[in-house]
Amino acid sequence: MSERKNKMSIMIRPENKNDYHTVENLTREAFWDLYHPGCAEHLIVHNIRKASSFIPELDFVALLNNKIVGNIIYTKSKVVDKDDHEHEVITFGPISVLPSCQKLGIGSALIEHTTKIAQAMDYKAIIIFGNPAYYHRFGFENAASYGISTAEGANFEAFMALELYKGGLQGITGRFYADPVFDVNQEELESFDKKFPFKEKHVTDTQFK
Numbered sequence: 023m024s025e026r027k028n029k030m031s032i033m034i035r036p037e038n039k040n041d042y043h044t045v046e047n048l049t050r051e052a053f054w055d056l057y058h059p060g061c062a063e064h065l066i067v068h069n070i071r072k073a074s075s076f077i078p079e080l081d082f083v084a085l086l087n088n089k090i091v092g093n094i095i096y097t098k099s100k101v102v103d104k105d106d107h108e109h110e111v112i113t114f115g116p117i118s119v120l121p122s123c124q125k126l127g128i129g130s131a132l133i134e135h136t137t138k139i140a141q142a143m144d145y146k147a148i149i150i151f152g153n154p155a156y157y158h159r160f161g162f163e164n165a166a167s168y169g170i171s172t173a174e175g176a177n178f179e180a181f182m183a184l185e186l187y188k189g190g191l192q193g194i195t196g197r198f199y200a201d202p203v204f205d206v207n208q209e210e211l212e213s214f215d216k217k218f219p220f221k222e223k224h225v226t227d228t229q230f231k
């Protein structure tokens, strides 16, 4: 078992089946009303574990005072070049930290811990969508600098790539495709959400308009 502790008594260990509901609930708490009223990230985590793209060796939880307060989960994804050749990369997310435990370095610890393991597993690169101000500190750059666009052919600052070793993306250009597990069925979400305590949905200033 891989474990890591830091000065704040944060312990990082692999997620196991007994953690699943706790992790889904903390993911729900972390993302509730953040990008739209309610959230779907807890269902995405649930479905990732059943997907062929899931990388169990990169699925970790963070514990603070022996309580699970964070999670990071990875899937395989791909870049398809102009000749329709597929190049495997990986993607993390959702990455979740309980709201009461955010800004304590837990998310950073999860990212740093798992990127080292991903390097040791010989993955080429990580491609994500996220907040550039946060992810640049880990070395992520606009994916456009590697000649990689979204599946729709777009580029923007929140679409980022990180080479896991120098030249990891050399010769890899094209369009990025995440696993379809990130596509959410609304009826499935409504049914799944009934397994958790009721939470009222709100419109907030952080949400996509």
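Using the numbering used here, you'd call the opening residue of the sequence shown number 23 and step up by one each time.
Think of the CB as a built atom: it goes at the ideal place given N, C-alpha and C, for glycine as much as any other residue.
8 Å Cβ cutoff met for residue i and residue j
i    : j    : result
T226 : F198 : no
L56  : T136 : no
Y157 : I149 : no
L48  : L132 : no
E185 : A147 : yes
S99  : A200 : yes
G196 : V101 : yes
E210 : L65  : yes
Length of the line joining the Cα atoms of residue i and residue j
i    : j    : result
K221 : G193 : 47 Å
H224 : E212 : 16 Å
F266 : I95  : Since the first residue of the chain shown is 23 and the last is 231, residue 266 is not available in this structure.
G169 : K217 : 42 Å
V45  : K188 : 33 Å
G152 : H58  : 15 Å
L86  : K72  : 27 Å
G175 : V203 : 20 Å
D144 : N207 : 33 Å
K39  : D103 : 37 Å
Q124 : S130 : 10 Å
F230 : E63  : 15 Å
D215 : L126 : 28 Å
Delimiting residues of the beta strand (DSSP E) encompassing residue i
i    : result
Y96  : K89 to V102
I34  : I32 to P36
R50  : Per DSSP, R50 belongs to no beta strand (DSSP E); it is in the alpha helix (DSSP H), Y42 to F53.
T226 : That residue, T226, is in no beta strand (DSSP E); it is neither H nor E in DSSP.
A131 : First-last for A131: I128 to A142, but that is the alpha helix (DSSP H), not the beta strand (DSSP E).
V119 : E108 to V119
I77  : Unbroken run through I77: none, as it is neither H nor E.
L186 : First-last for L186: undefined, no H or E at that position.
Contact belief for residue i with residue j at Cβ below 8 Å, rounded distance in angstroms
i    : j    : result
S118 : N93  : 5 Å
M182 : P219 : 34 Å between Cβ atoms; not a contact.
I34  : F82  : 5 Å
P116 : V67  : 6 Å
Cβ shell of residue i (< 7 Å), same chain only, five flanking positions each side left out
i    : result
A52  : S118, V119, L120 and P121
D205 : none
W54  : G60, C61 and K221
I6   : Any property of residue 6 remains undetermined from this structure, which presents the chain solely from 23 to 231.
G190 : K146 and A147
Residue interval of the alpha helix (DSSP H) (run including residue i)
i    : result
Y157 : P154 to Y157
I70  : E63 to I70
beta-carbon residue i near the ligand ADP non-hydrogen atom, thresh 7 Å
i    : result
V119 : With respect to small molecules bound, the structure shown includes none, and the ligand ADP cannot be examined in it.
Contacting residues, own chain, Cβ-Cβ under 8 Å from residue i (five flanking each side not counted)
i    : result
I90  : D41, T44, V45, L48, V83 and A84
E134 : F160
I128 : I32, A84, L86, V91, G92 and V119
Q141 : L186 and Y187
E179 : P154 and N164
Min CB distance residue i to chain B below 8 Å
i    : result
G196 : Chain labels in this structure do not include chain B; a single protein chain is all it has.
Close Cβ partners of residue i (< 6 Å) along its chain, the five nearest in sequence each way excluded
i    : result
N248 : As displayed, the chain neither begins before 23 nor continues past 231, which places residue 248 out of reach and without an answer.
T228 : L56
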